[in-house]
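Everything in the sequence shown is counted per the numbering used here, starting at 2 for the first residue and increasing by one.
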Amino acid sequence: MVHFVGAGSGAADLITVRGSRLLSEADVVIYAGSLVNPQLLDYCKEGCEIFNSAKMTLEEVIEEIKKAEAAGKTTVRLHTGDSSIYGAVREQFDELIKLGIDYDVCPGVSSFFGAASSLKTEYTLPDVSQTVIITRTAGKTPVPERESIKSLAAHRATMVLFLSTSLTEILQRDLLEGGYPGNTPVAVVYKATWPEEKIFRCTIDTLHEAVTSDGLTKTSLIIVGNCLGDNYLRSLLYDPGFTTEYREATK
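Shown next as structure tokens:
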């Protein structure tokens with residue numbers, strides 16, 4: 002059996018209870034060493050075989066899983082955050098299906114949730130944005146033209162950008178040309194929820210300068226939008242003048 006486990010946003014204690022249990026029971030762990038907090042490996046039992054997938058190809062990962070299956074061992078494939086977001090898991094699923102190897106998926110706390118907690122912000126403020134766009138700037142991995150930053154920026158919704166910290170000059174240009182005002186607030190969160198976490202605040206106009214002056218190149222999330230500002234409407238859910246299924250309006 003193979004368990005794909007989301008490692009959480011960074012801090013070792015932000016893995017799920019199920020994820021930590023699966024790690025503690027695994028005979029083999031293949032973890033994304035370039036991104037996953039190595040402290041999570043402390044959950045592994047003595048004698049567990051551990052492989053760093055940052056140094057492996059897909060074929061090498063699958064080969065280790067095949068060996069474990071042949072020996073009757075349980076494998077955990079440990080991915081950063083939640084494996085459904087930029088996790089490169091579909092190709093692994095397909096290979097396991099071809100081989101007749103059973104697998105399941107344990108969700109994790111994505112880093113974009115971790116960043117929101119660190120920023121103490123709400124992505125979906127009433128009358129500001131009710132939509133969160135999770136995307137990336139086109140780099141070595143292409144992005145479909147219909148999902149370009151310019152086209153998505155036209156919505157002026159809350160935007161969370163993964164894998165884009167080394168491309169901020171292009172990103173800044175595309176955000177502005179797409180329709181965001183230059184004074185739109187931006188937060189850059191380096192290693193959200195890790196002990197070494199850092200938060201940088203700027204605007205779209207100053208994004209590239211802010212990122213390059215601090216030497217950020219990777220392992221950072223960029224959050225764009227007026228959800229980072231101060232103006233919003235109070236939620237109707239707790240408004241005394243609004244009737245809900247559970248209470249009557251009091252005024």
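Every residue, glycine too, gets a C-beta built ideally from N, C-alpha and C.
Among Asp28, Arg147 and Leu222, the one whose alpha carbon lies nearest that of Ser10: Residue mapping note: residue 10 aligns to position 9 of the sequence shown, counting from 1. Ser10 has its Cα closest to that of Leu222, out of Asp28, Arg147 and Leu222.
Leu253 and Val144 closer than 8 Å at C-beta: Because the chain in this structure spans residues 2 to 252, residue 253 falls outside the shown range and cannot be described.
Nearest-angstrom Cα separation, counted from Asn227 out to Tyr124: Counting from 1 along the sequence shown, the entry for residue 124 is found at position 123. Counting from 1 along the sequence shown, the entry for residue 227 is found at position 226. About 9 Å.
C-alpha gap between Ala139 and Ser149, whole angstroms: To locate residue 139, count along the sequence shown from 1; it is residue 138. To locate residue 149, count along the sequence shown from 1; it is residue 148. Between Ala139 and Ser149, the C-alpha separation is close to 8 Å.
Pair within 8 Å by beta-carbon distance, Ser112 and Gly73: Your numbering for residue 112 matches position 111 in the sequence shown. Your numbering for residue 73 matches position 72 in the sequence shown. No, the pair does not count as a contact, with Cβ atoms beyond the cut-off.
Where Lys199 sits in the DSSP three-state scheme: Stepping through the sequence shown from its first residue, residue 199 is reached at position 198. Strand.
Helix, strand or coil at Ile205 [DSSP, three-state]: As a working mapping, residue 205 is identified with position 204 in the sequence shown. Helix, per DSSP.
For Phe94, the three-state DSSP class (helix, strand or coil): As a first step, residue 94 is located in the sequence shown; it is residue number 93 there, counting from the start. Reduced to three states, the DSSP call for Phe94 is helix.
Residue ranges of each alpha helix (DSSP H) within the segment 145 to 190, 4 or longer: Within the segment 145 to 190, the complete alpha helix (DSSP H) runs of at least 4 residues are 150 to 154 and 169 to 179.
Buried or exposed (CB count within 10 angstroms, at least 16 for buried), Ile200: Along the sequence shown, read from residue 1 onward, the residue named residue 200 stands at position 199. Exposure of Ile200 is indicated by the presence of fewer than 16 other C-beta atoms within 10 angstroms of its C-beta.
Ser152 versus Cys49 - alpha carbon distance: Working through the sequence shown from its first residue, we reach residue 152 at position 151. Working through the sequence shown from its first residue, we reach residue 49 at position 48. So the alpha carbons of these two residues sit roughly 47 Å apart.
Element boundaries [beta strand (DSSP E), containing Phe243]: Looking up residue 243 in the sequence shown gives position 242. Run containing Phe243: none; DSSP gives neither H nor E here.
Beta strand (DSSP E) runs contained entirely in the segment 10 to 61, provided each spans 3 or more residues: 29 to 32 and 50 to 53
Touch test, the segment 212 to 220 against the segment 182 to 198, Cβ-Cβ under 8 Å, three pairs minimum: yes
Inter-residue spacing [alpha-carbon to alpha-carbon] between Asp14 and Thr251: The residue labelled residue 14 in the question sits at position 13 within the sequence shown. The residue labelled residue 251 in the question sits at position 250 within the sequence shown. Asp14 and Thr251 have their alpha carbons spaced roughly 42 Å apart.
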